[in-house]
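>
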Amino acid sequence: MRHSNQAERAPELPHKRLQTSLGYLSSRVTDPVRKLWFIKKTLERYGTHSELVRRLPVVRSIVFHYVALESFGSLAWRSEPGVVSFPRAPLFLLFHMRHVLLVVTVAALALSTYWLLGAARTGADWAAARLIPLPNISAPVSVDFHPNRSSNPPTSVWLVTQNTEEELWSNGLRVDTQFAIDTHRRRYLHFPKDGSAPTERSGPPVGIVYHASQSDMAPFSREFSTDILETTHALLGWLQRREIYHYMIDRFGRVYRIVDDDDVAVHAGTSIWEDEESYYLNLNDSFIGVAFESRWDTGKDLITPAQVQAAMNLTDVLRLRYSISDINCVPHGLVSVNATKRLIGYHADWAQGFPFNALGLSDKYALPPASMTAFGFGYDEDLVGRLGGELWPGVERAETLLRERAESEGSDVQRLRSRLGERYDEMNGQWRTFAHRRSNQKLRALPEVKVNPVTSPVEERVNQTLPSSQR
Ligand SMILES: [Zn+2]
19 MRHSNQAERA
29 PELPHKRLQT
39 SLGYLSSRVT
49 DPVRKLWFIK
59 KTLERYGTHS
69 ELVRRLPVVR
79 SIVFHYVALE
89 SFGSLAWRSE
99 PGVVSFPRAP
109 LFLLFHMRHV
119 LLVVTVAALA
129 LSTYWLLGAA
139 RTGADWAAAR
149 LIPLPNISAP
159 VSVDFHPNRS
169 SNPPTSVWLV
179 TQNTEEELWS
189 NGLRVDTQFA
199 IDTHRRRYLH
209 FPKDGSAPTE
219 RSGPPVGIVY
229 HASQSDMAPF
239 SREFSTDILE
249 TTHALLGWLQ
259 RREIYHYMID
269 RFGRVYRIVD
279 DDDVAVHAGT
289 SIWEDEESYY
299 LNLNDSFIGV
309 AFESRWDTGK
319 DLITPAQVQA
329 AMNLTDVLRL
339 RYSISDINCV
349 PHGLVSVNAT
359 KRLIGYHADW
369 AQGFPFNALG
379 LSDKYALPPA
389 SMTAFGFGYD
399 EDLVGRLGGE
409 LWPGVERAET
419 LLRERAESEG
429 SDVQRLRSRL
439 GERYDEMNGQ
449 WRTFAHRRSN
459 QKLRALPEVK
469 VNPVTSPVEE
479 RVNQTLPSSQ
489 R
């Protein structure tokens, strides 16, 4: 790298980064007068930048290169051809800004890794977003669209026919199985309400957790048909690779199986629910996850009538096949908790506006959540804000129940809550021990074969639909 003599003799040298740029660029100027003009102009511009800029490594690289290039540019544009030879500008810039590029790349990698790991750990919905950025989501239907279910649920359903791509059920449900994968078999800890010791269970799912995919979506109109299809396809691939949800219902009401019914999918994260006999913690292992391709938001209904119809048929099939009781068909927003902060509504998808009536299910918003009544969880202003200023009625009922119970015990609500919280810690500890032992056993077992959904043999698909007695 050549330096001009003037610069080296100067009482105060400009920063090394600027010297590099000056040396390189001035060597491209053949005319000595213009060369001097370039150096003088650059040093003048350099002098206007504060000491702070000179101290910040990444910033000074950008600023100094810019300063030199700016003078070089104005000289080059004014000079006749041949006096100034242009450096290969893009390469020059890339090389000299390699540190900046490195920092940006590392930061981007770190951020995306953190984001993906977070998704795998604690349920899925928000992480499915930003797959394909598309403008403006339009609401396909109005808030009051979904009417009550007009027909009684069927008393039996059967698998009419199936091939490597699809199942047809007798109530009209079609399940696209092209994306279906196996993960690992369902095994969970079941907590009886009678106070007896928790027991391990496997076998069929005990309930359904409904989700909104919270993924990006194209406007729901004819001219965006291709975008809608491509977005769904990208989402399905994304969910499959991360084993998220058992089923996904696209906006045309098509139902896709992602994880086999007998296996565990990532979907509910840290969560609590109860039925008449049992408490359930962390429902990934005991409940089936069904997602609407939608962006749930308060006061807006972004699912289509076709999705509601498909969800009704899917719910009927799952409930009949696995004897799932109505009480255990519940939206994610009502079961999700933040265990560290003891708060409900960590994920809030469908904490309002779920079409229970249209699906023929009872209204779970009326129920006081077990997270509050049994384990003393509460809520904060953040959740109230996220739900547009109002929580579902069950929350207030739970508050009342806690108050009444504290009174009848001659205690106060705060003390009652912390006692219930200790109970949760104890149960959650048992659950963790169980989960730890289970994953150790899994490691010791033979490696599980992952079925490639496209090339899997027909037998694998047949196995997916065998009755529970064969599992
Ligand atoms: Zn969810």
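Numbering (the numbering used here), first residue to last: 19 to 489. Using N, Cα and C, we set each Cβ at its ideal position, and we do this for glycine too. Predicted model, so just to flag it, every value in this text is computed and none were measured.
(1) Identify the residues that DSSP records as bridge partners of I80: which are they?
(2) Between the beta-carbon of G412 and the beta-carbon of P386, is there less than 9 Å?
(3) Return yes when the C-beta of A286 is under 8 Å from any heavy atom of ligand 1, and no when it is not.
(4) Report yes if the C-beta of A230 is less than 8 Å from at least one heavy atom of ligand 1; otherwise report no.
(5) Along the chain, where does the alpha helix (DSSP H) containing A324 start, and where does it finish?
(6) Per DSSP, which one or two residues make a beta bridge with K318?
(7) Please confirm whether A230 and L320 have their CB atoms less than 9 Å apart.
(8) Are A328 and H164 closer than 9 Å when you measure CB to CB?
(9) Around the Cβ of P75, are there at least 16 other Cβ atoms within 10 angstroms (buried) or fewer (exposed)?
(10) Can you tell me where the beta strand (DSSP E) with T60 in it begins and where it stops?
(11) Taking 9 Å as the cut-off, decide whether the C-beta atoms of I345 and S380 are in contact.
(12) Does the Cβ of A369 have 16 or more other Cβ atoms within 10 Å, making it buried, or fewer, making it exposed?
(13) In its own chain, which residues sit with a C-beta less than 7 Å from the C-beta of D334, not counting the 5 before and 5 after it?
(14) Looking at the unbroken alpha helix (DSSP H) that takes in R415, where does it start and where does it end?
(15) Roughly how many whole angstroms lie between the Cα atoms of G351 and E440?
(16) Residues in its own chain within less than 6 Å of V431 by CB, not counting five upstream and five downstream?
(17) Go ahead and label Y84 buried or exposed: buried means 16 or more other beta carbons lie within 10 angstroms of its beta carbon, across all protein chains shown.
(18) Going by the beta-carbon positions, is the gap between A357 and V277 smaller than 9 Å?
(19) Specify, as a first and last residue, the run of the alpha helix (DSSP H) that A6 falls within.
(20) How do the region 445-452 and the region 296-311 stand: do at least 3 beta-carbon pairs fall below 8 Å, yes or no?
(21) With DSSP run on the structure shown, which of helix, strand or coil describes F209?
(22) Measuring only the C-alpha atoms, how far is L191 from S426?
(23) Hey, does P75 have any beta-carbon neighbour from chain B nearer than 9 Å?
(24) Determine the extent of the alpha helix (DSSP H) in which E30 is found, giving its start and end residues.
(25) At which residues does the beta strand (DSSP E) containing E218 begin and terminate?
(26) Have a look at T38 and D49 and give me their C-alpha separation to the nearest angstrom.
(27) Just to check my reading of the structure: R78 and V71 have Cβ atoms closer than 8 Å, yes? What is that Cβ distance to the nearest angstrom?
(28) What are the start and end residues of the alpha helix (DSSP H) that includes L401?
For this structure:
(1) BP columns for I80 are empty, so no partner.
(2) yes
(3) yes
(4) yes
(5) P323 to Y340
(6) D315
(7) yes
(8) no
(9) exposed
(10) Run containing T60: none in the beta strand (DSSP E); it sits in the alpha helix (DSSP H), P50 to G65.
(11) yes
(12) buried
(13) P171, P172, V175 and N189
(14) P411 to S426
(15) 23 Å
(16) L420, R421 and A424
(17) exposed
(18) no
(19) Any question about residue 6 goes unanswered here, given that the chain covers just 19 to 489.
(20) yes
(21) strand
(22) 50 Å
(23) Of the protein chains in the structure, only one exists, and it is not chain B.
(24) From DSSP, E30 is part of no alpha helix (DSSP H); its letter is neither H nor E.
(25) T217 to S220
(26) 20 Å
(27) 6 Å
(28) E399 to R404
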